[in-house]
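Inspection log for the structure reproduced underneath, given as structure tokens.
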Ligand code: SF4
Ligand code: SF4
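Chains as they are written, first to last, in the numbering used here: chain L, 503 to 1030; chain Y, 28 to 378.
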């Protein structure tokens, strides 16, 4: 997030796109509720009538895969009505002329045809967002899990930039990150192209710095991405995989493909707290401690580095992940001179500019937000206050493109996927909390009354849903909250797993799979 | 900002303009009792426990809803004030089941605390104890409306913070109580099981199911840590009895401001689940069987070395974890970059 969570309740306009914040980031939603009570306006763009959509002043129920067209339409209205912040654009951005030319075609009527959102709603959403003094944009996987995800974020960035809504308190562009430490995993360089702190692996100076610190020669060749694993294994390039705390047999698209890849490995090590669907395929399973059983830090979605404090002992012989990896480093003949996570954080701070001032004594009560370059720095509440990171903010036009997989006569419906409040990711934890299991025991598919009728599907009945990649059985939930022609399946469940159906088409830049759009058909299970 | 001067119990305090008498009193450590007031919720002035005497005004004023003005003189402990508060308590206790011996809230119940402080027994107005069925439809908390004092904090937190608006006031006979409309069970409503109402309830009308009959007497350690689920990073206290987590309470963190969702508040039971992995496992003749750490790690080290020898340094890859700590992710990438010798490390951020 460019802003802090505490700033959310001060927004006067909230634009939520591709985030069901009430179910996925409930406590941020609480802040939004407080803003709404103070009179803030709410714009929600989503194919489903989510909890936020029900509270929205403007609910833009768009066809999945048309986010860019919608955003361009909003920009079109803002520019043609002269509502943008001309002074900010002039002083702080480049590319505005190209943008206005590119969005000229995105008239409300044209965008309405693509998105199926009424033209008047697009106009009023644009005016409302533009009128905000403290307008915040919030987005999540609902826009990034598309083959056009990176372009969509650029479109949103264009929108925020022409309004001057970047580098200010209370207004910004705020991705809401899913898992507890997804921000930190990126910050720490668990990525194939960067060292900790987003320092590039092909920069000779950076390589030299890490070679000196670690006392070894390092590779400058970009590594294999998570989304390329299947292919790399298939070709025999990758022979062994070491998976820590991920259950890719449920979370990844096209599960059949993943299973084939894992089974063809020479050697698979999985380190986790439960014998997950993925661990069950391993050659070696290493039992890990959970969040309550170890010390360390997590970095939240507002870049705040906070402490994890050990409260109970891990069961049996299970050990903290850092202990296991340290031991492995030693057995492979290298030093791992760490007596605890605090020692590791000292090394991180020395090598990661953004974390330079992070030290355990400083975050024992309240965490610090990076960038925090040295031990006297108070942390950074919102980003870009002294101008955009790369000098001027680049406004870069992007064009609407249809999703990679379109509906046709065989697969006439669009499948979109997501989370529900009672579960987390692949349910390896929440599925084992009795009450959560009781409140949401099984997979389901949401379908609108008209679409249900068209395909002879009844509420509560078992249906079979198929895509070009596979078929699952699940329970129909007929509800007017989903758009006609679209079905929604949560991806938490191994039984009735939405990811048997999803598409692996990747965004060309971020390599994010298109989990939010796939073509499917549905019928009662008995009619199969 | 203009400053005002207000005298409370003969001591003069300065405060910014626009604050209430209660806020000035609390900021300066002057005790004023309240049941329905909460600093994060709207003010209703309903319980009348916070009444005070203000010089020059007729009748008692509710401190929570009276904005202080310059030169105001307030008395918080006059006979009239104490009498009025005692009367409030007498009425509340008249139909309250006196089950303090076994009550889950004993020791932290506001009603019990004030009854003790003001020496009120509930004997003045004898009324039939309230009669409501226990609502145990939600797996995480119980609703015992016999114990409700209609302070309405749960109604407001659910509406004003959580945004679920699952609760409201209902009438039955001449008595008001709090609950879902039409006497429904709580699971038939928009409730999202966040437990905020439970944390705000000053009595035992709302209590968590887990840890009942233990939390009061166990030797609880509170460990402040970060919720392990989503990227909001809410701060929590784990309530630990020896090696077992009995409950979770919200902490005022910068991101969560003292609130949690259902996963943070009630999603901790997996920690003790019998399915937890307790020993390393290695595959022998197609089966995963228990092994010692030494065996398992030696096998991994040997296999990694031989695969590197045969297929080169680029042939091993790691998927690190968005659920592990910074320190662990750092070590994992260091293992791959510095020891294995490639950049084949990623995690499932994109999923
Ligand atoms: S648990 Fe949360 S949502 Fe449910 S009634 Fe209580 S405050 Fe409202
Ligand atoms: S309590 Fe809920 S919102 Fe807060 S970090 Fe945990 S899962 Fe996220």
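Where a beta carbon is used, it is the ideal one built from N, C-alpha and C, also for glycine. Predicted model only: the values in this text are computed from it and were never measured.
Query	Result
For residue 820 (chain L), decide whether its Cβ has a neighbour in chain Y, counting only Cβ atoms nearer than 8 Å.	yes
Would you say residue 938 (chain L) reaches chain Y, if we count a Cβ-Cβ gap shorter than 8 Å as a contact?	yes
Taking 7 Å as the cut-off, is the beta-carbon of residue 338 (chain Y) closer than that to any non-hydrogen atom of ligand 2?	no
Spell out whether any CB of chain L is found under 8 Å from the CB atom of residue 303 (chain Y).	yes
What are the start and end residues of the alpha helix (DSSP H) that includes residue 843 (chain L)?	843 to 853
Would you say the beta carbon of residue 287 (chain Y) comes nearer than 7 Å to a heavy atom of ligand 2?	yes
Consult DSSP for residue 668 (chain L) and reduce its assignment to one of helix, strand or coil.	coil
Are three or more beta carbon pairs between the stretch 576 to 585 of chain L and the stretch 606 to 614 of chain L nearer than 8 Å?	yes
Using beta carbons (cut-off 8 Å, strictly below), is residue 896 (chain L) in contact with chain Y?	no
Could you give the distance in angstroms between the alpha-carbon of residue 857 (chain L) and the alpha-carbon of residue 721 (chain L)?	24 Å
Using the C-alpha atoms, what's the distance from residue 186 (chain Y) back to residue 217 (chain Y)?	11 Å
Between Y:126, Y:113, Y:223, Y:267, which lies nearest to residue 379 (chain Y) when the distance is taken from Cα to Cα?	Chain Y is shown from 28 up to 378; residue 379 (chain Y) falls before or after that span and cannot be answered.
Is there a Cβ of chain L sitting closer than 8 Å to that of residue 294 (chain Y), yes or no?	yes
Alpha helix (DSSP H) containing residue 226 (chain Y): first to last residue?	223 to 227
Residue 935 (chain L) and residue 297 (chain Y) - do their beta-carbons sit closer together than 8 Å?	yes
If you check the beta carbons only, do residue 663 (chain L) and residue 595 (chain L) fall under 8 Å apart?	yes
Considering only their Cβ atoms, is the gap separating residue 919 (chain L) from residue 1000 (chain L) smaller than 8 Å?	yes
Could you check whether the Cβ of residue 725 (chain L) sits closer than 8 Å to any Cβ belonging to chain Y?	yes
Starting from residue 145 (chain Y), find everything on chain L with Cβ-Cβ shorter than 7 Å and list it in chain order.	In chain order: nothing, as chain L lies at least about 35 Å away.
Could you name each continuous beta strand (DSSP E) segment of 3 residues or more that falls completely within the stretch 747 to 831 of chain L, going from the start of the chain to the end?	769 to 774, 786 to 789, 798 to 801, 806 to 810
Classify residue 123 (chain Y): buried if its beta carbon has 16 or more other beta carbons within 10 angstroms, exposed otherwise.	buried
Just how far apart, CA to CA, sit residue 202 (chain Y) and residue 211 (chain Y)?	17 Å
Among all the DSSP beta bridges, which residues are the ones paired with residue 545 (chain L)?	L:517, L:560
Cutting at 6 Å between CB atoms, please list the residues of its own chain near residue 890 (chain L), excluding the five before and the five after it.	Low local confidence applies: a pLDDT of 49 at residue 890 (chain L) is under 50, so the model's placement there is unreliable, and no value is given.
Can you list, in chain order, the residues of the stretch 983 to 997 of chain L whose Cβ is nearer than 8 Å to any Cβ on chain Y?	none
So for residue 956 (chain L), helix, strand or coil by DSSP?	helix
Measuring only between beta-carbons, confirm whether residue 528 (chain L) sits less than 8 Å from chain Y.	yes
With respect to 7 Å, is the separation between the Cβ of residue 370 (chain Y) and the closest non-hydrogen atom of ligand 2 below this value?	no
Residue 25 (chain Y): buried (16+ other C-beta within 10 angstroms of its C-beta) or exposed?	Nothing in the structure corresponds to residue 25 (chain Y), since chain Y is present only between 28 and 378.
Residue 741 (chain L) and residue 342 (chain Y) look like a contact to me (Cβ under 8 Å); what is the Cβ gap, rounded to whole Å?	4 Å
Of the residues that make up the stretch 151 to 183 of chain Y, which ones have a beta carbon closer than 9 Å to any beta carbon in chain L?	165, 166, 167
Between the stretch 303 to 322 of chain Y and chain L, which residues of the former have CB atoms less than 9 Å from a CB of the latter, in chain order?	303, 304, 305, 306, 307, 308, 309, 310, 315, 318, 319, 320
From residue 1033 (chain L) to residue 773 (chain L), what distance separates their C-alpha atoms?	Chain L is shown only over 503 to 1030; residue 1033 (chain L) falls outside these bounds and no answer can be derived.
Please state if the CB of residue 247 (chain Y) and the CB of residue 267 (chain Y) are separated by a distance shorter than 8 Å.	yes
Can you give the Cα-Cα distance for residue 27 (chain Y) and residue 256 (chain Y), rounded to whole angstroms?	Because chain Y is modelled from 28 through 378, residue 27 (chain Y) falls outside the range shown and cannot be assessed.
Could you tell me the boundaries of the alpha helix (DSSP H) in which residue 576 (chain L) lies?	569 to 582
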